[in-house]
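The block underneath contains the structure these notes are about, expressed in structure tokens.
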Amino acid sequence: MGQPETRVIFREVQDLRNNIFLVSVLYPAILLWYIEIHHLVFGKPAGVQNIHDIYLFVLWIIFGLFFPLVFYCTKHITEVRSDGIYIRLIPLNPSFKKIPFYIVEECKIKAYDPLTGKESDASQSSKRVNLVVILKLISGKKMLISSRKPEELYRAIKQASAQY
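Per my numbering, the very first residue in the sequence shown carries number 599; after that it's consecutive.
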């Protein structure tokens, strides 16, 4: 006897790629690729005199291969199902984290400025703030869910919680 089938009302998959993260991941990767190729062709690369070969190799594996691969594969999945809200950050979460509707006290759309951490009404928002869906849980905590389509996510949550 398995779990009852839940119907997916809303699903959004976001790639977490933007220019700031791209530069912060690719700059060290390109630098380490250059150092490794230079090391293989000419021996010790210029400026890297007192470091062992194994350390260079480990740095190349971590910053030249692993971080760019993780950055490329990272996705944020948000699903609204008939029994709750499911959130997953691939590849860090092996399964969805469920937020059941019975612990959600309030749901609203607000403008959120990530630099200051301040919330304001969506109608008063400027261009640099993002619209997010804010869930107030019965424990008193707030949870922000970022979405490229916050109005659709809000409507899906309201529709599914009304049926719950």
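Don't be surprised by glycine CBs; every beta carbon is placed ideally from N, CA and C.
- When C-beta atoms of the region 740-747 are compared with those of the region 604-619, three or more pairs fall below 8 Å, so the two segments count as touching.
- If you draw a straight line from the Cα of P712 to the Cα of K740, it is about 15 Å long.
- Apart from the 5 residues on each side of it in sequence, Y710 sits with its Cβ closer than 7 Å to the Cβ of E717, V727, N728, V730, L742 in its chain, given in chain order.
- Restricted to the region 643-731, the beta strand (DSSP E) segments that are unbroken, complete and at least 3 residues in length are 673-679, 682-688, 695-698, 702-711, 716-719, listed in chain order.
- Rounded to whole angstroms, the gap between the alpha carbons of F655 and P666 is 16 Å.
- Straight through space, the alpha carbons of L624 and L663 are spaced by roughly 10 Å.
- For K740, the uninterrupted beta strand (DSSP E) run begins and ends at 740-744, by DSSP.
- In the three-state scheme derived from DSSP, where H, G and I count as helix and E and B as strand, R605 is classed as coil.
- Assigned with DSSP and collapsed to three states, K756 falls in helix.
- Assignment of L630 by DSSP, reduced to helix, strand and coil, places it in the helix class.
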